[in-house]
Every structure is written in C-alpha cells, then in structure tokens.
Amino acid sequence: MHFETKPDGTPFTSADYSTRHAQAFANRYDDGLGDQKIAAFRRLAGPLAGTRLLDVGSGDGTFSKVAREAGAEVRAIDFADSMVDATAHRAAVPVVRGSADALPYDAGTFDIVTALDIIEHLYRPEQALQEFRRVLAPNGRLLLGTDRDGVALGLLPLRFPKVVRRMLVRGQAKGARSDPDRYITPLCTHTHEFELDELLALTAQTGFRMSGIDSYCYSAGLDSWGRMIERTALGPLRKWKWNYVMVALTRV
Numbered sequence: 028m029h030f031e032t033k034p035d036g037t038p039f040t041s042a043d044y045s046t047r048h049a050q051a052f053a054n055r056y057d058d059g060l061g062d063q064k065i066a067a068f069r070r071l072a073g074p075l076a077g078t079r080l081l082d083v084g085s086g087d088g089t090f091s092k093v094a095r096e097a098g099a100e101v102r103a104i105d106f107a108d109s110m111v112d113a114t115a116h117r118a119a120v121p122v123v124r125g126s127a128d129a130l131p132y133d134a135g136t137f138d139i140v141t142a143l144d145i146i147e148h149l150y151r152p153e154q155a156l157q158e159f160r161r162v163l164a165p166n167g168r169l170l171l172g173t174d175r176d177g178v179a180l181g182l183l184p185l186r187f188p189k190v191v192r193r194m195l196v197r198g199q200a201k202g203a204r205s206d207p208d209r210y211i212t213p214l215c216t217h218t219h220e221f222e223l224d225e226l227l228a229l230t231a232q233t234g235f236r237m238s239g240i241d242s243y244c245y246s247a248g249l250d251s252w253g254r255m256i257e258r259t260a261l262g263p264l265r266k267w268k269w270n271y272v273m274v275a276l277t278r279v
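Each number in my numbering comes from the position in the sequence shown (counting from 1) with 27 added on.
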C-alpha cells in the first residue's frame with residue numbers, strides 16, 4: 028500500500044489541520060454541498076434513537092450533530108485540536124482529541140461507529156479498523172465513507188480546469204458566497220485512495236461484513252446532462268463509477 032506525505036517528506040500531523048481547514052468543511056455543509064452525504068448517512072444508519080454512537084474523525088461536527096438530533100447518545104473523537112473545537116461548537120456532544128488507531132474507550136462500548144472521510148487520511152488503516160471493531164458491541168455497525176478520484180461519469184462534461192469547476196460549484200451551491208477560497212481546504216492530506224474492492228477486502232480481513240452501500244458522484248457541480256448520466260449509470264455501474272462511497276458494515 029502506497030502512502031503519501033507532505034512535500035517535504037514528513038508525515039501529516041495534527042497541526043496540519045488548521046482552523047481554516049475546519050471552517051472550509053463546515054462551509055460545504057452550510058451551503059448544501061454535503062446534502063447527498065447526509066442523506067446517505069441517514070439511509071445507511073437507520074434508526075438511531077437510543078443507540079450509543081462514536082463519531083471517529085468528527086471533523087466539523089456535522090454528523091455528530093445529525094446523530095444527536097436523531098436520538099443517539101454520541102461521543103466524538105478527532106486527531107486535530109481545530110476539529111475537536113469545531114465539533115464541540117457545532118454538535119454540542121462530548122468530544123476528545125485522540126487517534127483512530129488507539130481509541131480511548133472500553134471494548135464493546137458502542138452500537139455504531141461512524142468513520143466518514145478519515146480512512147484515506149490514515150497511515151495505519153488496518154489498526155484503525157481493528158479498533159473500530161474492538162469498541163463495537165457484538166453485531167455493532169460501522170459506517171465507513173471515503174472519496175477518491177473515481178470514474179464519476181456525470182462529471183465528464185465538466186472536466187475542465189479546476190478553477191472553472193470551483194466556479195461552477197460556487198455558482199450552484201445554496202447560499203454560496205463570492206469568496207474564491209470558501210470551499211478549498213488548505214491542503215489535501217490523503218495518504219491513500221482506495222479502490223472499492225480493496226476497501227471491502229480490508230474491512231473483511233479485520234472482521235466486518237458489508238450490509239449496505241451507497242455511492243454517488245460527490246459534487247454539486249453537475250449540470251442537467253451530468254445528472255442524467257448519473258441516474259442512467261446508477262444501476263449496473265454503481266459499484267465502479269463512484270467517487271464517493273459509504274458502506275454499512277456489521278461486526279462479525
């Protein structure tokens with residue numbers, strides 16, 4: 028497995044995730060760019076009332092907030108102080124700073140673990156998955172989401188320079204502002220981007236069975252032609268065309 032580092036060759040650290048980084052993610056959800064992801068989360072999570080949920084890599088706190096409002100007893104953890112502060116502010120749930128591959132919780136504590144948009148940032152994803160399994164109760168569920176530069180067919184009409192795509196996204200986002208950096212995070216900290224078969228094999232090896240999947244073109248920049256392509260390709264090509272995927276996994 029190939030891992031990437033910063034341009035100077037050093038690993039990413041907590042300090043790389045600045046307050047501006049957290050705010051850029053919050054802006055996306057505030058302006059509707061994360062609506063598809065929230066809808067996928069709600070579909071795959073199912074009823075949350077009365078469940079004990081751990082949000083690993085809670086980021087700006089959006090999914091901790093969604094889960095809390097659905098009736099879950101939520102705990103959150105993130106690697107970066109900026110994200111811990113953002114989660115505390117946005118979600119109003121108990122949140123601590125820590126690492127996904129060394130969770131500070133007892134075995135069998137949670138019914139659900141969510142790990143959305145974090146596995147592509149980890150240097151030891153296998154260890155993190157083992158930790159997710161450890162803190163889950165028997166038959167507990169893991170919601171795992173990740174993105175990559177996949178074959179998003181609906182984006183083919185928009186394969187123009189990045190700055191043009193960003194202009195299109197800003198122009199179509201709900202409540203979008205004119206700030207050109209509103210949705211641009213200050214650095215990309217992906218260490219590895221997974222193929223779907225690779226991701227599912229890794230989760231199976233660490234003691235999980237897939238029970239649900241949702242995949243889509245993760246972009247607000249689709250024009251009407253792009254949306255038509257996405258709807259047409261949703262069926263037989265769903266497994267291969269994604270550039271965002273969320274899978275529901277059961278602890279076995």
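By construction, the Cβ of each residue, glycine as well, lies at the ideal position given by its N, Cα and C atoms.
(message) Nearest by alpha-carbon distance to LYS64: which of GLN50, ILE146, ASP174 is it?
(response) The residue labelled residue 64 in the question sits at position 37 within the sequence shown. That would be ASP174, whose Cα lies nearest to the Cα of LYS64.
(message) Cutting at 6 angstroms between CB atoms, please list the residues of its own chain near GLU100, excluding the five before and the five after it.
(response) For the purposes of this step, residue 100 is taken as the residue at position 73 of the sequence shown. The answer, listed in chain order, is ARG79.
(request) Check SER238 in the structure and name its three-state DSSP category. (result) Taking the first residue of the sequence shown as position 1, residue 238 is located at position 211. The answer is strand: DSSP assigns SER238 an E or B state.
(message) Can you tell me whether ASN270 is helix, strand or coil according to DSSP?
(response) As a first step, residue 270 is located in the sequence shown; it is residue number 243 there, counting from the start. In the structure shown, ASN270 sits in coil (DSSP, three-state: anything other than H, G, I, E or B).
(request) Give me the Cα-Cα distance between ALA119 and PRO131, rounded to the nearest whole angstrom. (result) Mapped onto the sequence shown, residue 119 falls at position 92. Mapped onto the sequence shown, residue 131 falls at position 104. Looking at the two C-alpha atoms, the distance is approximately 20 angstroms.
(request) Please name the residue, chosen from TYR150, GLU147, HIS148, VAL140, that lies closest to ARG161 on a Cα-to-Cα basis. (result) Taking the sequence shown and counting its residues from 1, one reaches residue 161 at position 134. Nearest C-alpha to ARG161: VAL140.
(message) On the DSSP bridge list, what partners appear for THR141?
(response) Numbered from its first residue, the sequence shown carries residue 141 at position 114. ASP82, LEU170.
(request) Please determine if the segment 38 to 52 and the segment 65 to 78 are in contact, where contact requires at least 3 C-beta pairs separated by less than 8 angstroms. (result) no
(message) DSSP has ILE104 in a bridge; who is on the other side?
(response) Residue 104 sits at position 77 when you count from the first residue of the sequence shown. DSSP lists VAL83, VAL123 as partners of ILE104.
(message) Do LEU143 and PHE221 count as a contact pair if the criterion is CB distance below 8 angstroms?
(response) Here residue 221 refers to the residue found at position 194 when the sequence shown is read from its first residue. Here residue 143 refers to the residue found at position 116 when the sequence shown is read from its first residue. Result no, Cβ atoms of PHE221 and LEU143 do not sit closer than 8 angstroms.
(request) Locate the alpha helix (DSSP H) running through HIS48, then write down its first and last residues. (result) Taking the sequence shown and counting its residues from 1, one reaches residue 48 at position 21. From DSSP, the alpha helix (DSSP H) with HIS48 extends over 46 to 57.
(message) Assuming contact is defined by CB atoms lying nearer than 8 angstroms, are PHE159 and VAL83 in contact in what I supplied?
(response) Position 132 of the sequence shown, counting from 1, holds the residue named residue 159. Position 56 of the sequence shown, counting from 1, holds the residue named residue 83. Yes, the Cβ-Cβ distance between PHE159 and VAL83 is below 8 angstroms.
(message) For ALA97 and ALA76, what's the separation of their Cα atoms in angstroms?
(response) Within the sequence shown, numbered from 1, the residue matching residue 97 stands at position 70. Within the sequence shown, numbered from 1, the residue matching residue 76 stands at position 49. Taking the straight line from one Cα to the other gives about 6 angstroms.
(request) Would you mind sorting SER238 into buried or exposed? The rule is 16 or more other CB atoms within 10 Å of its CB. (result) As a working mapping, residue 238 is identified with position 211 in the sequence shown. It counts as exposed.
(request) Identify every residue that forms a DSSP beta bridge with LEU163. (result) Taking the sequence shown and counting its residues from 1, the one referred to as residue 163 is at position 136. In DSSP, LEU163 forms a bridge with PHE137.
(request) Classify PRO121 as buried or exposed, calling it buried when 16 or more other Cβ atoms lie within 10 Å of its own Cβ. (result) What you label residue 121 is simply residue 94 of the sequence shown in a count that begins at 1. Classification of PRO121: exposed, given that the 10 Å Cβ count is below 16.
(message) By the three-class DSSP mapping on this structure, what secondary structure does ARG278 have?
(response) If you number the sequence shown from 1, residue 278 lands on position 251. Reduced to three states, the DSSP call for ARG278 is strand.
(message) Please identify the residue among TYR243, LYS92, VAL279, LEU276 whose C-alpha is closest to the C-alpha of ASN270.
(response) Translated into the one-based positions of the sequence shown, residue 270 becomes position 243. Of TYR243, LYS92, VAL279, LEU276, the residue nearest in Cα terms is TYR243.
(request) Can you give me the Cβ contacts of VAL93 inside the same chain, cut-off strictly under 8 angstroms, excluding the 5 residues immediately before and after it? (result) In the sequence shown, the residue the question calls residue 93 occupies position 66. Within the same chain, VAL93 has close Cβ partners ILE65, PHE68, ARG69.
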